[in-house]
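**Q** Heads up, the sequence shown is in my numbering, so the first residue is 1 and it goes up one at a time.
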Amino acid sequence: MSDVDLAAELLRATPIHERRSEEQLRAWAEIALSYGDELADRPDPDEEIEVVERDGGLREGELLLAEYQKSTVTLYRDSLARVEKLAARKGWAVSREGLRRAAVAHELVHHRLDVRELNRRLGHTAARLGRLRIRGHVAGADEIVAHRFAHRRSGLGVSPLLLTTALRGD
């Protein structure tokens, strides 16, 4: 499956998009992936980021790889280990260091991406008031941008979108 296929599947799994056409989901997926590529090609801003590791990312029905708060990215070792084991079972060459880089990049881009610009590019209309159009947010599109950015920046051999899809069935 391509990243467009995987991203469209991720959008389709979002309840608000259940009735959207395949063409619409694929178009949004392509736009979000393209924006992720564009962000990955830009230089990093000068900012000091601390990365800490701890356990506690696995909870009942939840897997949290990383989170960003106040210039600190917290990586969850137990979640990274679970993803690493899943990749090994699937025969995918995924290293702990690659997962670590991808998780950090994913969190950082969430705080760098301009959601208004993403929404403008997606062109989703939430409502019309006469001739006025109210632009809407496409739930999940920012995740697709972050997954693509993480893939490009980490050098991970397997798409983070593929890993996310595999985790849903795990």
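The beta-carbon is built from N, C-alpha and C at its ideal position, and this holds for glycine as well.
1. Below 8 Å, how does it come out for the segment 119 to 135 and the segment 20 to 39: are there three or more Cβ pairs, yes or no?
2. Does the Cβ of His106 have 16 or more other Cβ atoms within 10 Å, making it buried, or fewer, making it exposed?
3. Which residues mark the beginning and the end of the alpha helix (DSSP H) in which Glu67 is found?
4. Applying the criterion that 16 or more other CB atoms from any shown protein chain within 10 Å of the CB defines a buried residue, is Arg153 buried or exposed?
5. Provide the residue(s) that pair with Glu62 in DSSP beta bridges, ordered along the chain.
6. So what does DSSP say about Thr164, is it helix, strand or coil?
7. Counting only the same chain and skipping the five closest in sequence on each side, list residues whose C-beta sits under 8 Å from that of Arg135.
8. What runs of the beta strand (DSSP E), each 3 residues or longer, lie entirely inside the segment 86 to 161?
9. Take Arg112 and list the residues in its own chain whose beta-carbon comes closer than 8 Å to its own, dropping the five residues that flank it on each side.
10. To the nearest angstrom, report how far apart Arg19 and Gly155 are at their CA atoms.
11. From this set, Arg100, Val104, Leu58, which residue's C-alpha is nearest Thr72's C-alpha?
**A** Put simply:
1. Yes, the segment 119 to 135 is in contact with the segment 20 to 39.
2. The residue you call residue 106 lines up with position 106 of the sequence shown. Classification of His106: buried, given that the 10 Å Cβ count is 16 or more.
3. Numbered from 1 along the sequence shown, position 67 holds the residue referred to as residue 67. It is not in any alpha helix (DSSP H) - Glu67 instead sits in the beta strand (DSSP E) that spans 66 to 69.
4. Counting from 1 along the sequence shown, the entry for residue 153 is found at position 153. Arg153 comes out buried.
5. Along the sequence shown, one-based indexing puts residue 62 at 62. Glu62 pairs with Arg59.
6. Here residue 164 refers to the residue found at position 164 of the sequence shown. In the three-state reduction of the DSSP assignment, Thr164 falls in the helix class.
7. On the sequence shown, residue 135 is found 135 positions in, with the first residue counted as 1. So the qualifying residues of the chain are Asn119, Arg120, Gly123, His124, Thr125, Ala126.
8. Uninterrupted beta strand (DSSP E) stretches at least 3 residues long and entirely within the segment 86 to 161 occur at 125 to 129, 132 to 135, given in chain order.
9. By one-based count along the sequence shown, residue 112 stands at place 112. Same-chain partners within the cutoff: Leu39, Pro45.
10. Start at 1 with the first residue of the sequence shown, and residue 19 comes out as number 19. Start at 1 with the first residue of the sequence shown, and residue 155 comes out as number 155. For Arg19 and Gly155, the distance between alpha carbons rounds to 35 Å.
11. Locating residue 72 in the sequence shown gives position 72, counting from the first residue. Of Arg100, Val104, Leu58, the smallest CA-CA separation from Thr72 is found for Val104.
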